[in-house]
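Report on one structure; see the data block that follows.
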Amino acid sequence: PVFIELGASVARYTTPLMRTKCFEPSREVEELARYSDACLAAVMTRIKPGERVCDLVRAGLDALAPMRARILFHDTMGYSLGVTYPPAWLDNLSFILSLANTREVEENMVFHLPVMLRVAGRYGAGFSESIRVTARGCERFSRLPRALSFT
């Protein structure tokens, strides 16, 4: 697998994006990709103004639960983005999407949701999305599909 992380920047706003690509993925790599996609979908389906961050993270971790013992994952679902690039696209270290964060999400907050799953010393696969919280949910900044294939 090839891991690609890109960052677009316009007027100092940035939108990172991670994808894993593979010509002939093994079943194990395909499984990691499916779980990464399911985790992102669980978080993105649930996110909306008023939702507590810890509840979003729990939804993502629940999607990973069947394989959690076999993978390395940082247990954070993302971080806020803002007008910070350069030097870095991480907006604020105090607003990490983790179980410890009980604050509520607000409309127009922007997050990067990186879900890269790894099997120690062997392989990894995953995806990310940069999103904006809307009144009813979220919108993705990228239209690039979360898929392992190059097509």
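Taking our numbering as reference, the numbering of the sequence shown is continuous, increasing by one, and the terminal residue is 312. Just so it is clear, CB atoms sit at the ideal spot from N, CA and C, and this is done for glycine as well.
Identified DSSP bridge partners for residue i
| i | result |
| --- | --- |
| residue 181 | 164 |
| residue 255 | Looking at the DSSP assignment, residue 255 forms no beta bridge with any residue, so it has no partner. |
| residue 207 | Paired residue(s): none; residue 207 is not in a bridge. |
| residue 277 | 287 |
| residue 215 | Note: residue 215 sits in no beta bridge, so no partner. |
| residue 272 | 241, 292 |
| residue 231 | Paired residue(s): none; residue 231 is not in a bridge. |
| residue 300 | 293 |
| residue 265 | 213 |
Cβ distance (whole Å) where residue i is taken to contact residue j below 8 Å
| i | j | result |
| --- | --- | --- |
| residue 233 | residue 281 | 6 Å |
| residue 284 | residue 189 | 7 Å |
| residue 175 | residue 242 | 6 Å |
| residue 181 | residue 305 | About 12 Å; that fails the 8 Å criterion. |
Residue burial classification, residue i (beta-carbon count within 10 angstroms, cutoff 16)
| i | result |
| --- | --- |
| residue 206 | exposed |
| residue 177 | buried |
| residue 118 | The question about residue 118 has no answer, for the chain in this structure spans 162 to 312. |
| residue 211 | exposed |
| residue 193 | buried |
| residue 278 | buried |
| residue 290 | buried |
| residue 288 | buried |
| residue 292 | buried |
| residue 307 | buried |
| residue 163 | exposed |
| residue 318 | With the chain running from 162 to 312 in the structure shown, residue 318 is simply not present. |
| residue 226 | exposed |
Chain C within 9 Å of residue i, Cβ atoms only
| i | result |
| --- | --- |
| residue 197 | Here chain C cannot be found, since the structure has a single protein chain. |
message = Quick test of the definition: if touching needs 3 or more C-beta pairs under 8 Å, does the segment 200 to 209 touch the segment 269 to 276?
response = yes
task = Tell me, please, whether the segment 213 to 229 touches the segment 254 to 267 by the rule of three or more beta-carbon pairs shorter than 8 Å.
result = yes
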